[in-house]
Amino acid sequence: MTIFTASTTAPVNIATLKYWGKRDKTLNLPTNSSISVTLAQNDLRTLTSAATSERFDEDQLWLNGKLESLESERTQHCLQDLRDLRAKLEAQNPSLPSMSKWKLHIVSENNFPTAAGLASSAAGFAALVVAISKLYQLPESASEISKIARKGSGSACRSLFGGYVAWEMGTAADGSDSKAVEVAPQDHWPEMKAAILVVSAAKKDTPSTSGMQHTVGTSDLFQERITNVVPKRFEEMKQAIWSRDFAQFAELTMRDSNSFHATCLDSYPPIFYMNDTSRQIVKLCHQINAFFDEVVVAYTFDAGPNAVLYYLQENETKVMAFIHQVFQQNSGWDSKFSKQDLEVFSEYFTT
Ligand code: DP6
2 MTIFTASTTA PVNIATLKYW GKRDKTLNLP TNSSISVTLA QNDLRTLTSA ATSERFDEDQ
62 LWLNGKLESL ESERTQHCLQ DLRDLRAKLE AQNPSLPSMS KWKLHIVSEN NFPTAAGLAS
122 SAAGFAALVV AISKLYQLPE SASEISKIAR KGSGSACRSL FGGYVAWEMG TAADGSDSKA
182 VEVAPQDHWP EMKAAILVVS AAKKDTPSTS GMQHTVGTSD LFQERITNVV PKRFEEMKQA
242 IWSRDFAQFA ELTMRDSNSF HATCLDSYPP IFYMNDTSRQ IVKLCHQINA FFDEVVVAYT
302 FDAGPNAVLY YLQENETKVM AFIHQVFQQN SGWDSKFSKQ DLEVFSEYFT T
């Protein structure tokens, strides 16, 4: 029996301008455009292999060595779209094997511990969709394929590209213009680095999908954010990236993290993703910037208490010296916090 296979890796991306809110839940259409930085391929990534054969009797997925269900509506949506594109290709080239009708076996592995408390759905769906589109030899561009990954998990569409990526929200009701595009490749700003501070490896209490819907439905501040704040910030952040203006990029990133968490707090009942340690990291970053009288570090927090810091290579020692001082050495610099407050201290670089 012939088995056709293809493999790919997809990296984790961390939003610097947050996606928070859907205008269409089934198609995963967002209420605002967002921007992210993709971490380097060999740092945090999902490796996925897809196989298909006329002889397979059911679709199967092994995730980190365990057989998992492929039944979720989101996954089914992605598989259907990919099979439809393959069927179109087969109709144009009748000599191609009829893979669109065959079952799939998928093996997927993360190279980072799930316990690290890092969102893996973005890299996971991106890798799934790219591996199958390679297997099917689909001619569509990465932006086109990103629309399929988006249906798996919104943020997944941004993991189709390396470097600096925008997810343009689009306006079409069918989602045909809601896609990821490259803002700049990774080598445009190779000095940029990211460090992840794992404050807690526990699973988040409010998953992103339900959290954002709760905010859309109950927060007054949310309307202000999507109408007057994010559209302007989206343009400014792209400019800051293009001109490699770290101070501007950092301020926009920190302000956007704060704005997103403010809408969570403004939801009713409120949602708390950040904890005391997270807030201490925020304070510390501002203290570091004030100490050097220069913006050398930016923080951002997703739907959980863990921080991602961005800084330029040349400032690594300055930034890390402070972080270690406060969290690693029990120095008494701020006696309230110590080593125990950060479960894992890890650095992952964007280049
Ligand atoms: C806070 O992409 O996980 O990380 O589309 O429902 O799967 P779904 O949500 P998801 O939400 C990510 C939210 C965020 C911000 C971001 O990555 O832009």
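In my numbering, the protein residues as written are 2 to 352.
A virtual CB, placed ideally from N, CA and C, is assigned to each residue, including glycine.
Unbroken alpha helix (DSSP H) stretches of 4 residues or longer found wholly inside the segment 238–325: 247–266 and 277–293, given in chain order.
Residue pairing for F5: DSSP places it in a beta bridge opposite T53.
The segment 121–141 and the segment 41–57 touch, with no fewer than 3 CB-CB distances between them shorter than 8 Å. Under DSSP, S34 takes part in no beta bridge, so it has no partner. Between K23 and M213, the beta carbon gap of about 6 Å places them in contact (Cβ cut-off 8 Å). With a threshold of 7 Å, the Cβ atom of N94 does not count as near the ligand DP6, since no heavy atom of the ligand is closer than that. Straight across, the Cα-Cα distance linking I149 with Q288 is about 42 Å. K194 and I146 have their C-alpha atoms some 28 Å from each other. Taking 8 Å as the cut-off, the beta carbon of P186 is found no closer than this to the beta carbon of G153. Looking from the CA of L80, the closest CA among P95, Q240 and Q61 belongs to Q61. DSSP assignment within the segment 137–209 yields the following whole alpha helix (DSSP H) runs of 4 residues or more, N-terminal first: 143–153. Counting only residues of its own chain and dropping the five nearest sequence neighbours on each side, L83 has a CB closer than 8 Å to the CB of V130, I133, S134, Y137, L139 and I149. Residues Q249, F250 and L253 of the same chain have their beta carbon placed closer than 7 Å to that of A241, with the five preceding and five following residues left out of the count.
If you draw a 10 Å sphere on the C-beta of S179, you find 16 or more other C-beta atoms in it, and that means buried. Residue range K23 to D25 is occupied by the beta strand (DSSP E) that includes R24.
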